[in-house]
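Residue numbers are given in the numbering used here: position 230 of the sequence shown equals residue 230, and the series is strictly consecutive.
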Amino acid sequence: MNKKKYVFNKALALELVELVNSIETKGIEPVLKALEDIEKQSGNTKGSWGYYANKFKSLLLDKSDSIPFSIFASGGNSKLPFVSFSTIPGATCPGAGECLDFCYSFKAWRYPAAFFRQLQNFYLMNSKEGREVIANEFKNLKLKKGKSFLNLRLYVDGDFKNINELTFWMNLLFLRPEIKAYGYSKSWKEFLIYDSLKLTFPENYKLNLSSGSLHGANQDIKERMNALSCTRGEFVAVKIAKEFDAPIGNRSKEYNRAVRNAVNGKAFVCPGLCGSCTPNGHACGSERFKDVTIAIATH
């Protein structure tokens, strides 16, 4: 008789995220039990959910000096050739609004390694000791041979959860001006609090105001965000007719026209492959695209 295939769904993922988020008040025992349940039901053969749950458990139990999952993704795929940092989506997105309905980040939860890497970074960001681990990894990021800078996308998945996390990253970026960081954020109130405290944004961080924010309809907040020194401009996801949709890397003229029409014709259309949009650099992290709306179809 064939063993029933283990299914780790979004509901189970959210339960585990909440348990990890409650470690400070409830301890690690509830998390360990949940991880052991995953191991029992999934098995722990290499590549299984149980296998990766056990790797994450080793972090909680401090059984090894090494971190089980790479904190920064190396940028080895065609969609994102840059170094990147991610954490758990949703739970770290205080400014998320309608974007939660089409957030592509949850799709990564089909893959155990991707989910547990996010969960590891979420866990590390939740404590001073964990943030020190991340800071050390950041300081050790290496530039490629012959390069004078390194592109870093902050938060492919997740967002700045609070003012402390935003300050943490801005302080790190001041230490390494050769790291050119950029991101898409809906944590607008956190940025405005940072600015109200008379704190300075590093010149090597470019912010794209991501559509779907809880604050998107508030024109006053949007204008204040656009006035921040770190803001490059808006990045909007729009709906287009299915007949005009096209795969990433093969966008058609019809696709581009449909996207522009959805934003009243004034936009630079994102091709979907980071780094491929211009011959020199990428639009989302470029000062040359200051105040230019960049648009993409929802996916």
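Beta carbons: idealized from backbone N, C-alpha and C, even for Gly. A quick note: this is a predicted structure, and the numbers were derived from the prediction, not measured.
Practice task
Measure the C-alpha to C-alpha separation of residue 1 and residue 53 and round it to an integer number of angstroms.
Solution key: By one-based count along the sequence shown, residue 1 stands at place 1. By one-based count along the sequence shown, residue 53 stands at place 53. Because residue 1 carries a pLDDT of 43, less than 50, the predicted location of this residue cannot be relied on, and the following value inherits that uncertainty. Those two C-alpha atoms are separated by around 26 Å.
Handout entry: residue 158 versus residue 116 - alpha carbon distance
Key = Indexing the sequence shown from 1 puts residue 158 at position 158. Indexing the sequence shown from 1 puts residue 116 at position 116. Each residue's Cα considered, the two are about 14 Å apart.
Exercise for the section: Leaving aside the five residues before and after residue 123 along the sequence, list all residues of the same chain whose C-beta is less than 6 Å from its C-beta, in chain order. Expected result: Position 123 of the sequence shown holds residue 123. Cβ within range, chain order: 20.
Handout entry: 8 Å Cβ cutoff met for residue 324 and residue 204
Key = This structure cannot speak to residue 324, because the chain is shown only from 1 to 299.
Problem - Alpha-carbon to alpha-carbon, residue 110 and residue 15 - result: Looking up residue 15 in the sequence shown gives position 15. Looking up residue 110 in the sequence shown gives position 110. Residue 15 and residue 110 have their C-alpha atoms some 16 Å from each other.
Practice task
Measure the alpha-carbon distance for residue 154 versus residue 43 and round it to whole angstroms.
Solution key: On the sequence shown, residue 154 is found 154 positions in, with the first residue counted as 1. On the sequence shown, residue 43 is found 43 positions in, with the first residue counted as 1. Straight-line spacing of the CA atoms in residue 154 and residue 43 works out to 34 Å.
Handout entry: Pair within 8 Å by beta-carbon distance, residue 35 and residue 56
Key = For the purposes of this step, residue 35 is taken as residue 35 along the sequence shown, with counting starting at 1. For the purposes of this step, residue 56 is taken as residue 56 along the sequence shown, with counting starting at 1. Yes. Within cutoff.
Handout entry: Rounded C-alpha distance that separates residue 253 from residue 246
Key = The residue given as residue 253 occupies position 253 in the sequence shown. The residue given as residue 246 occupies position 246 in the sequence shown. Just so you know, the alpha carbons of residue 253 and residue 246 end up roughly 10 Å apart.
Problem - Distance between residue 59 and residue 67 (C-alpha atoms, nearest Å) - result: On the sequence shown, residue 67 is found 67 positions in, with the first residue counted as 1. On the sequence shown, residue 59 is found 59 positions in, with the first residue counted as 1. Roughly 7 Å between the two C-alpha positions.
Exercise for the section: Determine the extent of the beta strand (DSSP E) in which residue 297 is found, giving its start and end residues. Expected result: Mapped onto the sequence shown, residue 297 falls at position 297. Here the beta strand (DSSP E) through residue 297 covers 294-297.
Problem - Where the alpha helix (DSSP H) through residue 214 begins and ends - result: The sequence position of residue 214 within the sequence shown is 214, counting from 1. First-last for residue 214: undefined, no H or E at that position.
Practice task
Quick one: grab the DSSP three-state call for residue 1.
Solution key: Along the sequence shown, one-based indexing puts residue 1 at 1. With a pLDDT of 43 at residue 1, under the threshold of 50, the modelled position of that residue is not reliable, and the figure given next carries that caveat. Of the three classes helix, strand and coil, the one that applies to residue 1 here is coil, per DSSP.
Exercise for the section: Note down the Cα distance separating residue 223 from residue 175, rounded to an integer number of angstroms. Expected result: Here residue 223 corresponds to residue number 223 of the sequence shown, with the count starting at 1. Here residue 175 corresponds to residue number 175 of the sequence shown, with the count starting at 1. Near 29 Å, if we compare the C-alpha coordinates of residue 175 and residue 223.
Handout entry: Alpha-carbon spacing of residue 298 relative to residue 100, whole angstroms
Key = What you label residue 298 is simply residue 298 of the sequence shown in a count that begins at 1. What you label residue 100 is simply residue 100 of the sequence shown in a count that begins at 1. Rounded to the nearest angstrom, the two C-alpha atoms are 12 Å apart.
Handout entry: Among 251, 258, 235, nearest to residue 241 - alpha-carbon criterion
Key = Here residue 241 refers to the residue found at position 241 when the sequence shown is read from its first residue. Selection 251, 258, 235 evaluated against residue 241 yields 258 as nearest (Cα-Cα).
Handout entry: Local conformation of residue 180 per DSSP, three classes
Key = Within the sequence shown, residue 180 is the residue found at index 180, counting from 1. Strand.
Exercise for the section: Measure the C-alpha to C-alpha separation of residue 133 and residue 119 and round it to an integer number of angstroms. Expected result: The count along the sequence shown starts at 1 and reaches residue 133 at position 133. The count along the sequence shown starts at 1 and reaches residue 119 at position 119. So the two alpha carbons sit approximately 15 Å from each other.
Problem - Same chain only: Cβ atoms within 6 Å of residue 17, ignoring 5 sequence neighbours per side - result: Numbered from 1 along the sequence shown, position 17 holds the residue referred to as residue 17. Same-chain partners within the cutoff: 88, 91.
Exercise for the section: Measure from the C-beta of residue 295 to each C-beta in chain C and report whether the shortest distance is under 8 Å. Expected result: Of the chains in the structure shown, none is chain C; there is only one protein chain.
Exercise for the section: Pick helix, strand or coil for residue 104, following the three-state DSSP scheme. Expected result: In the sequence shown, counting from the first residue as 1, residue 104 sits at position 104. Residue 104 sits in a helix when the DSSP states are folded into three classes.
Exercise for the section: Measuring alpha carbon to alpha carbon, tell me which of 129, 49, 28, 214 ends up nearest residue 8. Expected result: Against the sequence shown, residue 8 aligns to sequence position 8. Just measuring C-alpha positions, the residue of 129, 49, 28, 214 sitting nearest residue 8 is 49.
Practice task
Within its chain, find whatever has a CB closer than 8 Å to the CB of residue 290; leave out the 5 residues flanking it on each side and keep chain order.
Solution key: Counting from one through the sequence shown, the residue named residue 290 turns up at place 290. Only 232, 233 meet the Cβ criterion.
Problem - Endpoints, the beta strand (DSSP E) within which residue 237 is located - result: Numbered from its first residue, the sequence shown carries residue 237 at position 237. If you look at residue 237, you'll find it in the beta strand (DSSP E) that goes 231-238.
Handout entry: residue 256: first and last residue of the uninterrupted alpha helix (DSSP H) it sits in
Key = Residue numbering aside, residue 256 sits at position 256 when the sequence shown is read from its first letter. Its alpha helix (DSSP H) spans residues 253-262.
Practice task
With DSSP collapsed to three states, give me the class of residue 206.
Solution key: If you number the sequence shown from 1, residue 206 lands on position 206. It is a strand residue.
Handout entry: Cutoff 6 Å; reference residue 214; Cβ partners in own chain excluding five residues on either side
Key = Position 214 of the sequence shown, counting from 1, holds the residue named residue 214. Excluding positions up to five away in sequence, the list reads 95, 97.
Practice task
Kindly indicate which residue of 145, 136, 243, 183 has the alpha-carbon position closest to the one of residue 160.
Solution key: Indexing the sequence shown from 1 puts residue 160 at position 160. Comparing Cα positions, the closest option is 183.
Handout entry: Continuous beta strand (DSSP E) stretch holding residue 153: start and end
Key = Within the sequence shown, numbered from 1, the residue matching residue 153 stands at position 153. Its beta strand (DSSP E) spans residues 150-154.
Problem - Buried versus exposed, by CB contacts within 10 Å (16 or more), residue 279 - result: Counting from 1 along the sequence shown, the entry for residue 279 is found at position 279. Within a 10 Å sphere around the beta-carbon of residue 279 sit fewer than 16 other beta-carbons, which makes this residue exposed.
Handout entry: Cβ neighbour criterion (16 or more within 10 Å) applied to residue 217
Key = As a working note, residue 217 is residue 217 in the sequence shown. Under this definition residue 217 is an exposed residue.
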